[in-house]
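Enquirer:
Numbering (this note's numbering), first residue to last: 5 to 155.
Structure representation (structure tokens):
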């Protein structure tokens, strides 16, 4: 019985180890892609400890949201090749910052009402390895954002 348990443990451990090998980690690739985009577009970007890069074009003057707030944001989302995958109208859309991708939850809090800038989001702060809809897994997402209001 002991030999069967040892054999089962080895098979289980090996299976788990092989599964981990098949899940790609895009962090290094995403970082290189973001840095190249920043350089090519002559952006003055900051990088947070999470790996989010952001540009503050206008910090704004109103209230500054927390990750728990509901906000209204006008935005355009695109890939590093310029292909747009989503866009709001100029009035923006309202949502809770706790209900969106981690890159938005963090990034929008760097602005005050009326502020605008760019969020350069690596996949681990976006839609991860799985992707979503027209966004492929491992994709870097770029958003031009304007914080209209903290609701």
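By construction, the Cβ of each residue, glycine as well, lies at the ideal position given by its N, Cα and C atoms.
1) What does a CB cutoff of less than 7 Å around residue 54 pick up in its chain, not counting 5 residues either side in sequence?
2) Within a Cβ cutoff of 6 Å, which residues of the same chain sit near residue 82, ignoring the five residues on either side of it in sequence?
3) Which ranges does the beta strand (DSSP E) cover as unbroken runs of at least 3 residues, wholly within the stretch 29–85, from first to last along the chain?
4) Here's the rule: buried if 16 or more other CB atoms are within 10 angstroms of the residue's CB, otherwise exposed. What is residue 43?
5) Does the stretch 95–115 come into contact with the stretch 61–72, if we say contact requires no fewer than three beta-carbon pairs (one atom in each stretch) closer than 8 Å?
6) Name the two residues that bound the continuous alpha helix (DSSP H) containing residue 107.
7) Taking 7 Å as the limit between beta carbons, can you name the residues of its chain near residue 135, skipping five residues before and five after?
8) I want to know whether the stretch 30–46 touches the stretch 92–99 - three or more CB-CB distances under 8 Å.
9) Would residue 80 and residue 29 qualify as a contact pair, given that the criterion is a beta-carbon distance under 8 Å?
10) Once you ignore the five residues that flank residue 90 on each side, which residues in its own chain have a CB closer than 6 Å to its CB?
Expert: Straight from the coordinates:
1) To locate residue 54, count along the chain shown from 1; it is residue 50. Excluding sequence neighbours, residue 54 sits near 110 and 129.
2) The residue you call residue 82 lines up with position 78 of the chain shown. Excluding sequence neighbours, residue 82 sits near 88 and 146.
3) 57–62 and 74–82
4) Taking the chain shown and counting its residues from 1, the one referred to as residue 43 is at position 39. So residue 43 ends up on the exposed side.
5) Pairwise C-beta distances place the stretch 95–115 in contact with the stretch 61–72, as three or more of them are shorter than 8 Å.
6) In the chain shown, the residue the question calls residue 107 occupies position 103. Going by DSSP, residue 107 is part of the alpha helix (DSSP H) stretching over 106–111.
7) To locate residue 135, count along the chain shown from 1; it is residue 131. Hits under 7 Å: 141 and 143.
8) no
9) Numbered from 1 along the chain shown, position 76 holds the residue referred to as residue 80. Numbered from 1 along the chain shown, position 25 holds the residue referred to as residue 29. No. Outside cutoff.
10) Sequence index remark: in the chain shown, residue 90 carries index 86 (1-based). The residues are 81.
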